[in-house]
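Presented below is the structure to which this report refers.
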Amino acid sequence: MDTTLEASWKKALKHEWEQVYLSNLLAFVDKEYATKVCYPPRESVFAAMNCTQVNDVKVVILGQDPYHGAGQGNGFAFSVNEGIKKPPSLVNVFKEIEQDLGISPPESGNLERWANQGVLLLNAVLTVQESKAGSHKNKGWERFTDAAIKMMSVEREHVVFMLWGGFAKGKIKLIDSNKHLILESGHPSPLSANRGHWFGNRHFSQANAYLVQNGYAPINW
Numbered sequence: 031m032d033t034t035l036e037a038s039w040k041k042a043l044k045h046e047w048e049q050v051y052l053s054n055l056l057a058f059v060d061k062e063y064a065t066k067v068c069y070p071p072r073e074s075v076f077a078a079m080n081c082t083q084v085n086d087v088k089v090v091i092l093g094q095d096p097y098h099g100a101g102q103g104n105g106f107a108f109s110v111n112e113g114i115k116k117p118p119s120l121v122n123v124f125k126e127i128e129q130d131l132g133i134s135p136p137e138s139g140n141l142e143r144w145a146n147q148g149v150l151l152l153n154a155v156l157t158v159q160e161s162k163a164g165s166h167k168n169k170g171w172e173r174f175t176d177a178a179i180k181m182m183s184v185e186r187e188h189v190v191f192m193l194w195g196g197f198a199k200g201k202i203k204l205i206d207s208n209k210h211l212i213l214e215s216g217h218p219s220p221l222s223a224n225r226g227h228w229f230g231n232r233h234f235s236q237a238n239a240y241l242v243q244n245g246y247a248p249i250n251w
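The sequence shown begins at 31 in the numbering used here and counts up by one.
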């Protein structure tokens, strides 16, 4: 597996990189990719971190694990590549942005343009076997990404953390609410959204207002 990690993340997570659990995890992932179809592509496993340096992160959006449909997972939480049909959760994300900010949904579901502006689209689990959601859970990824969240909380100030759904809300214990803005809501999946737990959360306008208040440029959602 391509374990290239952007220098600022490699330095900030040096302690994790030296742990036995991570070498065991990477060996497991190597075997999975060698014997099964997995997502995202090997070179994109660390795409979210590699696209956004530690000191450039302004917003963190947490997902569970990559989309597991054919050609979907691309290394950024909630994102799919150009030309891939937008999954229902992402459709609802764009609907909320339209309601909140009046921005029409884009044709592409590729969120790398957000990452280029300082949005860390971080899944708790960075890999998955095709058609098997959660297939790489509890192998070590959660420990690694929890360390990344905690490091961000400690080392940075005025970061917006968007926690969508029960799983993401479970990470709140890792974040210092005195230093950062934590926005919580239901998950954008149809099941949650249709029960009234997603639409109207206005996370995107709240995030931009907070960023501007603290001297950062807003995100062009």
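Even for Gly, the Cβ is constructed at its ideal location relative to N, Cα and C.
Keep in mind the model is a prediction, meaning the values are calculated, not measured.
In chain order, what residues of the same chain have a beta carbon less than 8 Å from the beta carbon of residue i, not counting five sequence neighbours either side?
{"i": "Leu152", "result": "Ala78, Met79, Val90, Ile91, Leu92, Gly93, Ala107, Thr175, Ala178, Ile179"}
{"i": "His308", "result": "This structure gives no information on residue 308, because the portion of the chain shown stretches from 31 to 251."}
{"i": "Asp86", "result": "Gly148"}
Run through DSSP, which three-state label would residue i get?
{"i": "Lys61", "result": "helix"}
{"i": "Ser109", "result": "coil"}
{"i": "Gln83", "result": "coil"}
{"i": "Lys199", "result": "helix"}
{"i": "Gln94", "result": "coil"}
{"i": "Trp228", "result": "coil"}
{"i": "Gln129", "result": "helix"}
{"i": "Trp251", "result": "coil"}
{"i": "Leu41", "result": "As written in the sequence, residue 41 is Lys, which differs from the Leu given in the question. Three-state DSSP puts Lys41 in a helix."}
Excluding the 5 residues flanking residue i on each side, which residues of the same chain have their C-beta closer than 7 Å to its C-beta?
{"i": "Met181", "result": "Ala42, Leu43"}
{"i": "Ala145", "result": "Ala78, Cys81, Thr82, Phe106, Leu151"}
{"i": "Ala198", "result": "Leu92"}
{"i": "Gly139", "result": "Ser109, Val110, Ile114, Lys116, Leu120"}
Excluding five sequence neighbours on each side, which residues of the same chain lie with their C-beta closer than 6 Å to the C-beta of residue i?
{"i": "Ser222", "result": "Gly216, Trp228"}
Judging by CA-CA distance, which residue of the options is the nearest neighbour of residue i?
{"i": "Trp194", "options": "Lys167, Asn111, Gly230", "result": "Gly230"}
{"i": "Leu56", "options": "Asn224, Val184, Glu172", "result": "Glu172"}
{"i": "Glu62", "options": "His188, His210, Lys169", "result": "Lys169"}
Quick one: is residue i buried, meaning 16 or more other Cβ sit within 10 Å of its Cβ, or exposed?
{"i": "Gln102", "result": "buried"}
{"i": "Glu137", "result": "exposed"}
Looking at the unbroken beta strand (DSSP E) that takes in residue i, where does it start and where does it end?
{"i": "Ser215", "result": "211–215"}
Starting from residue i, trace the alpha helix (DSSP H) both ways and give me its first and last residue.
{"i": "Leu241", "result": "233–243"}
{"i": "Phe174", "result": "171–185"}
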